[in-house]
Amino acid sequence: HKRFVKVAGGMWCEGAGQQFLSWTEIYRQKCRDHLRLPDEIMCAAAQVLEALTDRANARENDTAELYDSMHVRRGDFKQQYSWTQLTAEELYSSSEVEFGEGSTLYISTAERDKGFFDLFKKHHDVVSLGKSD
1 HKRFVKVAGG MWCEGAGQQF LSWTEIYRQK CRDHLRLPDE IMCAAAQVLE
51 ALTDRANARE NDTAELYDSM HVRRGDFKQQ YSWTQLTAEE LYSSSEVEFG
101 EGSTLYISTA ERDKGFFDLF KKHHDVVSLG KSD
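Written out as structure tokens, the structure reads:
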């Protein structure tokens, strides 16, 4: 049986290794162990992952049988973090070393101008959810 003692900055767990748990670790454990997304969302996500994997595997030049992905946030940090507002060319040049030429690339974004990613489409098989152009 474990006993927890509340101390400044976290908790001391007596037993099982006598370890100190910071509040950050406690919150992470609670989230990991108790927060769950509804099954419908998990099933939809699994279908998307399966479709991406199948698409990447079907491509002849995608030898790694994987896909790359990136989440591009545009506009919502414009005032607070103006230095994060990259042009398509800056974003591509900073990411091209991470993604193999011709790879399947999933882009998660709320960017309204889908033409913003045309440079990526020239070098990758770009996939995203939502309306296609």
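Just so we're aligned, residue 1 is where the sequence shown starts under this note's numbering, counting upward by one.
Just so it is clear, CB atoms sit at the ideal spot from N, CA and C, and this is done for glycine as well.
Check, Outcome
"Start and end of the alpha helix (DSSP H) containing Leu119?", "Asp118 to His123"
"Hey, out of Thr109, Gly100, Lys78 and Val72, whose CA is closest to Leu91's CA?", "Val72"
"Would you mind sorting Ser94 into buried or exposed? The rule is 16 or more other CB atoms within 10 Å of its CB.", "exposed"
"Where does the unbroken beta strand (DSSP E) through Tyr92 begin, and where does it stop?", "Not the beta strand (DSSP E): Tyr92 falls in the alpha helix (DSSP H), residues Ala88 to Ser95."
"Between Arg74, Ser82, Cys31 and Arg59, which has its C-alpha nearest Gly102's C-alpha?", "Arg59"
"My assumption, with CB atoms under 8 Å, is that His127 sits in contact with Leu52. Please give the rounded CB distance.", "The residue asked about is misnamed: residue 127 is Val in this sequence, not His. Going by Cβ atoms, the distance from Val127 to Leu52 rounds to 6 Å, so yes, they are a contact pair."
"Considering only their Cβ atoms, is the gap separating Tyr67 from Thr104 smaller than 8 Å?", "yes"
"Please report the straight-line C-alpha distance between Arg112 and Asp118, rounded to a whole angstrom.", "13 Å"
"Let me make sure I understand the geometry here. Which of Cys43, Asp54, Arg74 and Cys31 has the alpha-carbon closest to that of Thr87?", "Arg74"
"In the DSSP output, what is His34 paired with across the bridge?", "DSSP lists no partner for His34."
"Taking C-beta to C-beta, are Phe120 and Ile107 nearer than 8 Å?", "yes"
"Within the same chain, show all residues whose beta-carbon is closer than 6 Å to that of His124, passing over the 5 residues directly before and after it, in chain order.", "Ser103 and Leu105"
"Let me know if Ala56 comes out buried or exposed under the rule of 16 or more other beta-carbons within 10 Å of its beta-carbon.", "buried"
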